[in-house]
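Trainee: Each number in the numbering used here comes from the position in the sequence shown (counting from 1) with 955 added on.
Yeah, the Cβ is synthetic: ideal placement off N, Cα and C, and Gly gets one too.
These numbers were taken from a predicted model, which means no experiment stands behind them.
Here it is, the structure, as structure tokens.
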Amino acid sequence: MAGYIFNLDSEESLVYCVENGIYGTKFKKVPDNKIWRKEHEGTFADYLSMKEEDNIYFFRDRMIYGIGELINIGHDCKYLNFPNADLPFPVDFSDIKDSMLMNQTPHNVNTRCICTFHPSPHFFKRGIDMDDVLSSKPSSFRMLRAYWKTSFIKIDDEENKALKDIILKRNEEYIDQREGAFHSIIDTIFNIKQKVNGNYSITSENLLSLCSDGKVINHEMAIEAGIIDVISQGTPSPFGSWDYVSRQVVASPFKPIDYMDRMDVFGYKFINGFDTISKYLIIEIKKGPGTSDAIDQIMKYVDWVNQEYSYGDYSMVNAFLVCSGFSKEVIEYKNKVCKRNYIKGRRPAISDEWSNVRLIKYEFDSSEKKLRFDEIK
956 MAGYIFNLDS EESLVYCVEN GIYGTKFKKV PDNKIWRKEH EGTFADYLSM KEEDNIYFFR
1016 DRMIYGIGEL INIGHDCKYL NFPNADLPFP VDFSDIKDSM LMNQTPHNVN TRCICTFHPS
1076 PHFFKRGIDM DDVLSSKPSS FRMLRAYWKT SFIKIDDEEN KALKDIILKR NEEYIDQREG
1136 AFHSIIDTIF NIKQKVNGNY SITSENLLSL CSDGKVINHE MAIEAGIIDV ISQGTPSPFG
1196 SWDYVSRQVV ASPFKPIDYM DRMDVFGYKF INGFDTISKY LIIEIKKGPG TSDAIDQIMK
1256 YVDWVNQEYS YGDYSMVNAF LVCSGFSKEV IEYKNKVCKR NYIKGRRPAI SDEWSNVRLI
1316 KYEFDSSEKK LRFDEIK
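See below:
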């Protein structure tokens, strides 16, 4: 299962979250132009990918605390903190106080999204230093090494297991007792369950509508959110079904964080009934028409995933380039360069050719507030 690591600013916040089983992301400032900034859209996109049984951790002052597990309270494990919280408008505390799910105080009117969880098996009071975590199994940690200037990150199954392992090993003496664990308070979860309904659901609809220009979306991050929404909900689309999906996943050797390459959307699926990964997903997004540079960029990510994840087996890689349209020249360029020859097996060695980059044209349906996709061949 996946995991999420949330950054907290105080001991008081840590105690509140782990004891009440709720975390909320506070947006620092609502935009003056009433359009979400890309970091806000990215936060909504991250929430859209959350699902029950994903693990929860907290980071504060170099230390990582765990372990929690997302649980559905009502119909989901993540919600808007109050109805219409996904609209980028200032709100009056007196108007929304009674409908807020978390921290019903004036300074939290910009806590726009929340998620709910319970201990799994406990939230241990003993945190693990970041250096100790990274050195416990260095090859497993990719996203944690790039944790920088963001409220939280998502980690994949391998990284999540490595983090869970070091926390459990360091807290083994407390697994069967509560002495070294935070206590849970059920009142908050009970109150949330009484309130939530469809008005609290997190979707990509308002994100897309706010930055739409006819059939085109002006923010690539909003398109990311729309695509993650489609995949996470299992809505039929050219992308298919995936067990894990994330955004802005590192796709370059380690270097200064601000200069690292990141894939817009990355995912994988398991062989049915097993925890063995069978396929990997790469989606590169451009809000405007496709270009030859975009083709080159996605092939760079294809080679990276082949090297770092599928270890030479290109057949495991599924790549999509999503744009508002494609010229004849770009389609011809894709057919020319999006190929790789590789060898499968040793005895006997089998030569094969990979060419699994698909061009997807998107359009925004303003009446339904949804993205529509057509494959271009």
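#1: Suppose the cutoff is 7 Å on Cβ atoms and the five residues either side in sequence are ignored; what does the same chain contact list for residue 1170 look like?
#2: Along the chain, where does the alpha helix (DSSP H) that runs through residue 1188 open and close?
#3: Which value, in whole angstroms, describes the spacing of the CA atoms of residue 1204 and residue 1107?
#4: Could you tell me if residue 1074 is buried or exposed, where buried requires 16 or more neighbouring beta carbons within 10 angstroms of its beta carbon?
#5: Buried or exposed, going by whether 16 or more other CB atoms sit within 10 Å of the CB of residue 978?
#6: What three-state label does DSSP hand residue 991 in the structure shown?
#7: Report yes or no: do three or more beta-carbon pairs, one from the stretch 1289–1302 and one from the stretch 1266–1281, lie closer than 8 Å?
#8: Measure the beta-carbon distance from residue 1109 to residue 959 and round it to whole angstroms, keeping in mind my assumption that it falls under 8 Å.
#9: What does the Cβ neighbour count give for residue 1201, buried or exposed, with the cut at 16 atoms within 10 Å?
#10: Pull up the DSSP beta-bridge partners for residue 1306, would you.
#11: When the Cα of residue 1021 is compared with those of 1281, 1015, 1011, which residue comes out closest?
#12: Assuming residue 1312 contacts residue 1276 (C-beta within less than 8 Å), just tell me the rounded distance between them.
#13: Give me, in chain order, the residues of the same chain whose beta-carbon lies closer than 7 Å to that of residue 1138; leave out the 5 immediate sequence neighbours on both sides.
#14: Just tell me which of 993, 968, 971 has its CA closest to the CA of residue 1162.
#15: Check residue 1033 in the structure and name its three-state DSSP category.
#16: Indicate the three-state DSSP secondary structure (helix, strand or coil) for residue 1062 in the structure shown.
#17: Specify, as a first and last residue, the run of the beta strand (DSSP E) that residue 1126 falls within.
#18: When the distance is taken between beta carbons, is residue 1258 closer than 8 Å to residue 1157?
#19: Leaving out five residues before and five after residue 1236 in sequence, what residues of the same chain have Cβ atoms less than 6 Å from its Cβ?
#20: With 16 other CB atoms within 10 Å as the buried threshold, where does residue 1008 fall?
#21: When DSSP builds the beta bridges, which residues end up paired with residue 1274?
#22: Kindly indicate the opening and closing residues of the beta strand (DSSP E) around residue 1200.
#23: Measure how close the beta-carbons of residue 1069 and residue 1033 come, nearest whole angstrom, since I'm counting them as under 8 Å.
#24: Do residue 1253 and residue 1239 count as a contact pair if the criterion is CB distance below 8 Å?
#25: If you pair each beta-carbon of the stretch 1048–1057 with each one of the stretch 1090–1103, do three or more pairs fall below 8 Å?
#26: The beta strand (DSSP E) with residue 1016 in it runs from where to where?
#27: At which residues does the alpha helix (DSSP H) containing residue 1150 begin and terminate?
#28: What is the C-beta distance between residue 1216 and residue 1207, in whole angstroms, given that I count them as a contact (C-beta under 8 Å)?
#29: Anyone know if the C-beta pair for residue 1180 and residue 1159 falls short of 8 Å?
#30: Here's the rule I'm using: 16 or more other beta-carbon atoms within 10 Å means buried, otherwise exposed. How should residue 1082 be labelled?
Mentor: Quick answer:
#1: Excluding sequence neighbours, residue 1170 sits near 1318, 1319.
#2: 1175–1188
#3: 13 Å
#4: buried
#5: By the 10 Å Cβ count, residue 978 comes out buried.
#6: coil
#7: yes
#8: 6 Å
#9: buried
#10: Beta-bridge partners of residue 1306 (DSSP): 1298.
#11: 1011
#12: Confirmed, Cβ separation roughly 7 Å.
#13: 974
#14: 993
#15: In the three-state DSSP reduction, residue 1033 falls in the strand class (E or B).
#16: helix
#17: Element bounds for residue 1126: n/a, residue is neither H nor E.
#18: No, Cβ-Cβ distance for residue 1157 and residue 1258 is not below 8 Å.
#19: 1197, 1222, 1273
#20: exposed
#21: 1237, 1312
#22: Segment 1199–1205, the beta strand (DSSP E) holding residue 1200.
#23: In this structure residue 1069 touches residue 1033 by the C-beta definition: roughly 7 Å separates them, less than 8 Å.
#24: With respect to the 8 Å criterion, residue 1239 and residue 1253 are classified as neighbours on the basis of their beta carbons.
#25: Because the criterion of three Cβ pairs below 8 Å is not met, the stretch 1048–1057 and the stretch 1090–1103 do not touch.
#26: Careful: residue 1016 lies outside any beta strand (DSSP E) and carries neither H nor E.
#27: 1142–1150
#28: 4 Å
#29: yes
#30: buried
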